[in-house]
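Accompanying notes for the structure given below.
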Amino acid sequence: LFISFHFLSIANLPFLYFLAWQMSPIDVKSPKHCEEKGFKVEKLFPKKKLFFCFSTISLSILSFIFLLYLTLHPTKPNFTLREADIYQLNLSGPRQLLNSSIQLTLVSKNPNKKVGIYYDELQVFASYKGQQITLHTSLPPFYQGHEDSNFLSALLIGNGLPVDPYFGYEVQRDQSVGKLIMNLKGSGRLRWKVGTWVSGKYRFNVDCVAIMPFGSSLPSGPLSFRQGAQCSTTL
């Protein structure tokens, strides 16, 4: 495109000024538009930065917990029924209420090499044919070190407990068979300890099965279980 010097002369300056004025709105609005956008970005940036920091910290904490779990991987404690003695198990009164007295000894073992266990709660009771035949007996709380074992003894008592009408028949039936099967159960809460870190509380349940010889003639002493049996533990 050729523009003569005559066109750029002083006489045509008003026309050139008019052209420049027509193009000026683009130059004027563009900085203002950018400024407005820039202000909005600066206003939102702190929120985005805060969200990013919070996400990073949360992810780091979760990763640390996951790695700690993979490294240590606490194993649930093992329980063994060492012995059990039934001193009393009879019905009395017109309502045929149950009176019971059972002594038991459990062995609790922590199989973990790097994890200790706090037993904050532990209650034990006896059941027969799905019926609870003693009250709950609470054992004192204790701490169990790495790969340690503890002997736990408890006397379970039941006085005047209501039972199923067929309870007496079930006992006589077991006597005719020659054995009595009883469940000794426990429930409680524990915490894991790794160094100075202590976890939250976890509920656990223990179920032990005792099979006792039960002849046609009543023994002079208590019905006893001395074989030892591994208990099932759920966490």
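Oh and the sequence shown: position 139 is 139 in the working numbering, straight run, nothing missing.
Glycine included, C-beta positions come from ideal geometry on N, C-alpha and C.
The ligand MG heavy atom lying under 7 Å from the CB of residue i
i	result
Cys-53	Looking for the ligand MG in the displayed structure turns up nothing, as the structure carries no ligands at all.
Test item: CB-CB of residue i and residue j under 8 Å
i	j	result
Cys-231	Leu-81	yes
Gln-131	Val-163	yes
Pro-77	Thr-234	no
Lys-129	Glu-170	yes
Glu-225	Gly-178	Reading off the sequence, residue 225 comes out as Phe, not Glu. Not in contact: Phe-225 and Gly-178 (Cβ atoms no closer than 8 Å).
Val-107	Phe-151	yes
Thr-75	Pro-111	yes
CA nearest to the CA of residue i, picked from the options
i	options	result
Leu-156	Thr-134, Ile-211 and Arg-226	Thr-134
His-146	Val-194, Leu-184 and Val-209	Val-194
Ile-117	Pro-141, Gly-160 and Val-177	Pro-141
Gln-103	Asn-183, Arg-189, Asn-205 and Thr-196	Asn-183
Val-209	Arg-173, Ser-127, Cys-53 and His-136	Ser-127
Gly-160	Leu-89, Thr-75, Gln-172 and Thr-137	Leu-89
Ile-211	His-136, Asp-85, Thr-196 and Gln-172	Asp-85
Start and end residues, beta strand (DSSP E) containing residue i
i	result
Gly-160	149-161
Phe-142	142-144
Leu-97	97-109
Arg-203	202-213
Thr-234	232-234
Ser-224	223-225
Environment of residue i [buried if 16+ CB atoms lie within 10 Å]
i	result
Tyr-166	exposed
Val-115	buried
Phe-79	buried
Ile-181	exposed
Gln-144	buried
Leu-50	exposed
Pro-94	exposed
Gly-186	buried
Phe-64	exposed
Phe-204	buried
Phe-125	buried
Gly-158	buried
Gly-228	exposed
Range covered by the alpha helix (DSSP H) that runs through residue i
i	result
Gly-93	Gly-93 -> no alpha helix (DSSP H), and no H or E assigned at all.
Phe-125	First-last for Phe-125: 116-128, but that is the beta strand (DSSP E), not the alpha helix (DSSP H).
Tyr-169	167-177
Residues of its chain near residue i, where Cβ-Cβ distance is below 6 Å and the 5 sequence neighbours each way are ignored
i	result
Thr-105	Arg-82, Glu-83 and Ser-153
Tyr-87	Ser-101 and Pro-222
Lys-109	Asn-78 and Ser-149
Arg-189	Asp-120, Glu-121, Lys-201 and Arg-203
Val-237	With the chain represented from 1 up to 235, any question about residue 237 goes unanswered, as that position is not in the structure.
Ser-138	Gln-123
Neighbourhood of residue i by C-beta, 8 Å cutoff - its chain only, sequence neighbours within 5 removed
i	result
Arg-191	Ile-117, Tyr-118, Asp-120, Val-198, Ser-199, Gly-200, Lys-201 and Tyr-202
Gly-168	Leu-91 and Gln-96
Cys-174	Residue 174 is actually Asp in this sequence, not Cys. Excluding positions up to five away in sequence, the list reads Leu-180, Ile-181 and Phe-214.
Lys-48	none
His-136	Gln-123, Val-124 and Phe-125
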